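Peer 1: Below you will find the structure I want to go over with you.
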Amino acid sequence: MTSASERWTQRVLGGLSARPIGHGEAVDADGPQVPVQSPQPPQPTPIRRPAPRLPHWWEDKPTSLAPDEEPAEEQALEDQPAEEQAEEPDVEEPPTVEEPPKTAPAPSGPVEKIPADAPKRTGVRKAADLAAEDRSTRFIAFNLSAGGAGYALGIVPFLGKFLPAAEHGAVGMLGLTTAVAGGYAAWHATRFPAVRQILPVPPVSRVVIIAGAAEIGRRMAPVPVAWLNVHGQQWGLGPSAVSLLITAGAMCGGLWWFIDRRVRHWHWTARWLVRIPLASAVLATGLYAPGVTP
306 MTSASERWTQ RVLGGLSARP IGHGEAVDAD GPQVPVQSPQ PPQPTPIRRP APRLPHWWED
366 KPTSLAPDEE PAEEQALEDQ PAEEQAEEPD VEEPPTVEEP PKTAPAPSGP VEKIPADAPK
426 RTGVRKAADL AAEDRSTRFI AFNLSAGGAG YALGIVPFLG KFLPAAEHGA VGMLGLTTAV
486 AGGYAAWHAT RFPAVRQILP VPPVSRVVII AGAAEIGRRM APVPVAWLNV HGQQWGLGPS
546 AVSLLITAGA MCGGLWWFID RRVRHWHWTA RWLVRIPLAS AVLATGLYAP GVTP
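End of the sequence shown sits at 599 in the numbering used here; the numbers just go up one at a time, nothing left out.
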């Protein structure tokens, strides 16, 4: 069915001999180009309305038979003024915490099964396994075993003889310390190029200067001894105690500097053998009682 505007458009285009794309010119034998329309359009089909669910006499009545009542809380909120309702803060609900599972999760990888005939682990064996996994325990066992080997070999008693000699010969030990300090200071001062240019024969003159500084330092040993007698006795650091500390520090530090620190990357068995002198020196220092002469 076409509307009146469409029919009018068809008549105008037919009078102008207009054709759609792909069609030829109009021929008289083809008859009229515009189909003849009936003077009376067909009547539209009436639309059927579905029957209402409720009868016409129930249209203005409520659909629920229960009384229209609101909860008491909503009615109280409506009765409050708008300002009081705006002041009430929103209470946030606490986040829900998921409870951990009561059962342990199943292992993802393969589980190693213990054979039935395997030996049971005793308490001593468990303690040994835990000690082997602890780094501090391994360090203590490593050094104690090396010190015990040094004591069995006689290294600990041999090194222990130097400690009473240092305690009773405080002046000589402090003189050796000041001589080493003076020689090191002279060596450090003469290694600069500006100082070497002043020296007549740098290699020889440098050796002479270092030896002279060491001798001057040795002769100045009574000075620190007198100072320690005046100011160090009240703190328990007299010449004898300081001499003992210097001897023990030089003995242990020298063994670590010249031997132990150079073999840090060796296998642990080789490091254990090299650790025996240092562990023996530390053990001899720990076993020595000041004031007691063997």
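Even glycine gets a Cβ: it sits at the ideal position worked out from N, Cα and C.
Owing to the predicted nature of the structure, the values given are computational and were not obtained by experimental measurement.
(1) Mark residue 468 as exposed unless 16 or more other C-beta atoms lie within 10 angstroms of its C-beta, in which case mark it buried.
(2) For the candidate residues 538, 580, 594, whose alpha-carbon lies nearest to that of residue 558?
(3) As a quick exercise: from 453, 438, 309, 495, pick the residue whose alpha carbon is nearest that of residue 587.
(4) Would residue 471 and residue 542 qualify as a contact pair, given that the criterion is a beta-carbon distance under 8 Å?
(5) Can you look up residue 580 in the DSSP assignment and give me helix, strand or coil?
(6) With DSSP collapsed to three states, give me the class of residue 525.
(7) Could you say which of 348, 349, 515 lies nearest to residue 485 if we only look at CA atoms?
(8) Three-state secondary structure (DSSP) at residue 572?
(9) Between the alpha carbons of residue 584 and residue 503, how many angstroms are there, rounded?
(10) Against chain D, does residue 352 count as a neighbour if the rule is that its beta carbon must be under 8 Å from one of theirs?
(11) Identify the continuous alpha helix (DSSP H) that holds residue 545 and give its terminal residues.
(12) Grouping DSSP H, G and I as helix and E and B as strand, with all else coil, what is residue 541?
(13) Touching or not, the segment 489-508 and the segment 555-572, by the rule of three or more beta carbon pairs under 8 Å?
(14) For residue 473, which of 552, 536, 532 has the nearest alpha-carbon?
(15) Would you call residue 506 buried or exposed, if buried means 16 or more other Cβ atoms sit within 10 Å of its Cβ?
(16) Tell me the residue span of the alpha helix (DSSP H) that contains residue 463.
(17) Which value, in whole angstroms, describes the spacing of the CA atoms of residue 456 and residue 510?
(18) What three-state label does DSSP hand residue 353 in the structure shown?
(19) For residue 459 and residue 556, what's the separation of their Cα atoms in angstroms?
(20) Out of curiosity, what's the CA-to-CA distance linking residue 465 and residue 449?
(21) So for residue 315, helix, strand or coil by DSSP?
(22) Suppose the cutoff is 6 Å on Cβ atoms and the five residues either side in sequence are ignored; what does the same chain contact list for residue 537 look like?
(23) Between residue 476 and residue 589, which are expected to be in contact by the criterion C-beta below 8 Å, what is the C-beta distance as a whole number of angstroms?
(24) Please report how far the alpha carbon of residue 593 lies from the alpha carbon of residue 582, in whole angstroms.
(25) Considering only their Cβ atoms, is the gap separating residue 447 from residue 577 smaller than 8 Å?
Peer 2: Inspection of the coordinates gives the following:
(1) When all chains shown are included, residue 468 counts as buried.
(2) Here the closest residue by C-alpha is 580.
(3) Minimum Cα distance to residue 587 is reached at 453.
(4) For the 8 Å CB-CB criterion, residue 471 and residue 542 do not form a contact.
(5) Assigned with DSSP and collapsed to three states, residue 580 falls in helix.
(6) Here residue 525 sits in coil by DSSP.
(7) Per the C-alpha coordinates, the member of 348, 349, 515 positioned closest to residue 485 is 515.
(8) Reduced to three states, the DSSP call for residue 572 is coil.
(9) Near 47 Å, if we compare the C-alpha coordinates of residue 503 and residue 584.
(10) Chain labels in this structure do not include chain D; a single protein chain is all it has.
(11) Per DSSP, the continuous alpha helix (DSSP H) segment holding residue 545 begins and ends at 544-563.
(12) Coil at residue 541, not helix or strand.
(13) Judged by Cβ distances under 8 Å, the segment 489-508 makes no contact with the segment 555-572, as fewer than three pairs qualify.
(14) When each option's Cα is compared against that of residue 473, the closest is 552.
(15) That one is exposed.
(16) Per DSSP, residue 463 is one residue of the alpha helix (DSSP H) stretching across 460-465.
(17) Straight-line spacing of the CA atoms in residue 456 and residue 510 works out to 46 Å.
(18) DSSP, read as helix, strand or coil, puts residue 353 in coil.
(19) Going from the Cα of residue 459 to the Cα of residue 556 covers about 16 Å.
(20) When rounded, the distance between both Cα atoms is 17 Å.
(21) For residue 315, the three-state secondary structure derived from DSSP is helix.
(22) Here the set comprises 543.
(23) About 23 Å; that fails the 8 Å criterion.
(24) Their backbone Cα atoms lie some 16 Å apart in a straight line.
(25) Between residue 577 and residue 447, the C-beta gap is smaller than 8 Å, which places the two residues in contact.
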